[in-house]
Structure formats: C-alpha cells, structure tokens
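S.K.: Read in the working numbering, the sequence shown has 125 at position 124, and its numbers run on one by one without any break.
All C-beta atoms, glycine included, are put in the ideal place defined by N, C-alpha and C.
Remember, it's a predicted structure, so these values are computed and weren't measured experimentally.
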Amino acid sequence: MKKVIPALLAMMALAGCAQEGSAPVGAQLADQSFVLKTFNGKPLADNSRPASLRFSNTLQVSGNMCNRFMGQGSLEGNTLTVAGMAGTRMLCVEPQMNQLDNVIGKMLTQGATVTLTADTLTLKANDDTLVYQRMAGTGK
2 MKKVIPALLA
12 MMALAGCAQE
22 GSAPVGAQLA
32 DQSFVLKTFN
42 GKPLADNSRP
52 ASLRFSNTLQ
62 VSGNMCNRFM
72 GQGSLEGNTL
82 TVAGMAGTRM
92 LCVEPQMNQL
102 DNVIGKMLTQ
112 GATVTLTADT
122 LTLKANDDTL
132 VYQRMAGTGK
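1. Which one of G42, C67, L131 and T116 has the shortest CA to CA distance from G27?
2. Starting from G72 and walking both ways along the beta strand (DSSP E), at which residues does that stretch end?
3. Secondary structure at A28, three-state DSSP: helix, strand or coil?
4. Going by DSSP in three states, L131 sits in which element: helix, strand or coil?
5. Do the segment 35 to 52 and the segment 98 to 106 make contact, defined as three or more Cβ pairs closer than 8 Å?
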C-alpha cells in the first residue's frame, strides 16, 4: 500500500501536465493577447495592421481581422463560443482579410476548438484553422 500511494500521486501529476497544453481553461487565456500567424497552414499576407485576438480576465473576447470584433466568450471543455458578437463592417482592400473576417465570425459564434501550447493558440472549426502567437509581455 505504501508503494501504491506515491505511484498514484505521480500519475495524477503527470496527467495534469499532459492536459496543460491541450485544452485551455479560462484562467490560461485571461489577460492574454495573440497575433494571427497562419490561416489554414499558410502565412498571412503582409498587412499594415496585424490580425489580433485578446481575452480579458472575464473571457471578454476582442480583436481584429479587417474589422474589429468583440463579445463575451465562454469555454465548454475546449470549445470557445462568443455570444452576442459585435463588430465593425468595413470592406477591406486585402481579399484575405475579408475572408478572415467571415472565418473568425463563424468560428466564434458557432464554436471553435481551442488549444493552447506554450505561446501558440490554435482555433479550429470545420475546415479552417487559425494559428496565433502570444504577444510579448502577455505570457503567463
């Protein structure tokens, strides 16, 4: 019995470490800012205003692609959904940024699978994948 308890404690500790990078909890996203690096595996075209995503300490989500967007986020398991998402509605010069406006809007309102590993945040929904890099100074 004395050998079983330390073994169980070690397995529980390892299980906790394995989950850290796979499914973020609200606390891991709180007060974090990210910049979009790739869309469906391809680097973004140069843009004068980098696409970003920010989480407040209450999981309020805000950011921009071509347009700015915001709403109250909620996590259920590893699915992020933003209720009551609002945003600006401009037409951008860059076609990719217009496409990304539509992608992020659908992802966040319909629910996106979220993973956070080190400084990389990934959002996936349907056939689309957005990969973000944590902005300097916002790491935990």
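M.R.: Put simply:
1. T116
2. R69 to E77
3. helix
4. strand
5. yes
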